[in-house]
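Enquirer:
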Amino acid sequence: MARRLTAMAVPLEPRADVYVTVDVEPDCPPYLWTWRGMEEGMPRLLELIDAEALPATFFVTGATAERYPQTIREIAARGHEIGCHGYSHAAFDTFSEDEARREIVGTNRILRGFAPVRSFRAPYLRFPERFLPLLAADGIANDASRARYKRKEPANPGFPGIRRLSASIPTSLMRLPALIRTPLLSALRDPVVLFVHPWEFVDLTRASIPFDCRFRTGQPALDDLRATIAFFRRRGARFRYVDPEREAAATSP
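Quick note: to get the numbering used here, add 75 to the position in the sequence shown (first position is 1).
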């Protein structure tokens, strides 16, 4: 953990761009496959995001969209960006190229029934570089599948037409007490990419899942997210959608 924190320790620039992103999926896969996050956590999260007047990007699995279509419609109707998170929340590094193509194309077909989709995040932030052409071929222009804090993150050769964004901090670290969390947030470099899950806003402290997944879930996680947003707002941060075209459409007269 110390090495990971050191890797993030670059002073935050003034007026940093901050991306609030949500991975919309079952509860804490692969440990649970229940749906309390969608049924209990998502309404709380949407209420907070609306109260803060935040633009947010929701990376949705195809299976979640099929199970909760009205919720996905509501997210889109509130003006948020919809992105692809694969269909089944299976890890893309277990797929052949044909399997990855089917997962991407099939999920985008489902999600584009709700809203335009130009952004992608792989489950578990694991996406083989060799699959980037598959994203471009299906109209994806933004990939948010990387993480700055991963020591073994592969080199980023990029791919024409694909913009890359890397998660800045593990979601569990945003649930740390403010005394610890604030210095970590101060050390993040621009752009700042935050990600959360609806299940974090349900009390899972007694669930049989790893400690970093369950600690300070429920109301504490909601309070911590609100405090994190306030932290960046005090520093003049610009909150943005992942897709620049979505942002341009939202701000056009």
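Where a beta carbon is used, it is the ideal one built from N, C-alpha and C, also for glycine.
Tell me the DSSP bridge mates of Cys288?
Expert: Looking at the DSSP assignment, Cys288 forms no beta bridge with any residue, so it has no partner.
Enquirer: Between the beta-carbon of Ala190 and the beta-carbon of Ile244, is there less than 8 angstroms?
Expert: no
Enquirer: By how many angstroms is the C-alpha of Leu123 removed from the C-alpha of Leu297?
Expert: Cα atoms of Leu297 and Leu123: separation of roughly 8 angstroms, rounded to the nearest angstrom.
Enquirer: DSSP three-state label for Ile244, please.
Expert: coil
Enquirer: Give every residue of the same chain whose Cβ lies closer than 7 angstroms to the Cβ of Glu115, excluding the five residues on either side of it in the sequence, and list them in chain order.
Expert: Residues Val277 of the same chain have their beta carbon placed closer than 7 angstroms to that of Glu115, with the five preceding and five following residues left out of the count.
Enquirer: Could you tell me if Arg153 is buried or exposed, where buried requires 16 or more neighbouring beta carbons within 10 angstroms of its beta carbon?
Expert: Arg153 comes out exposed.
Enquirer: What whole-angstrom Cβ distance do Thr330 and Leu269 have, given they're in contact under 8 angstroms?
Expert: Past the edges of the chain, shown from 76 to 328, lies residue 330, and the structure says nothing about it.
Enquirer: With 16 other CB atoms within 10 Å as the buried threshold, where does Glu178 fall?
Expert: Per the 10 Å Cβ criterion, buried.
Enquirer: What runs of the beta strand (DSSP E), each 3 residues or longer, lie entirely inside the region 173-226?
Expert: Within the region 173-226, the runs of beta strand (DSSP E) at least 3 residues long that lie entirely inside it are, in chain order, 217-222.
Enquirer: Expressed to the nearest angstrom, what Euclidean distance is found between the alpha-carbon atoms of Glu322 and Arg111?
Expert: 30 angstroms
Enquirer: By the three-class DSSP mapping on this structure, what secondary structure does Arg250 have?
Expert: helix
Enquirer: Rounding to the nearest angstrom, what Cα-Cα distance links Ala219 and Gln145 in this structure?
Expert: Cα atoms of Ala219 and Gln145: separation of roughly 25 angstroms, rounded to the nearest angstrom.
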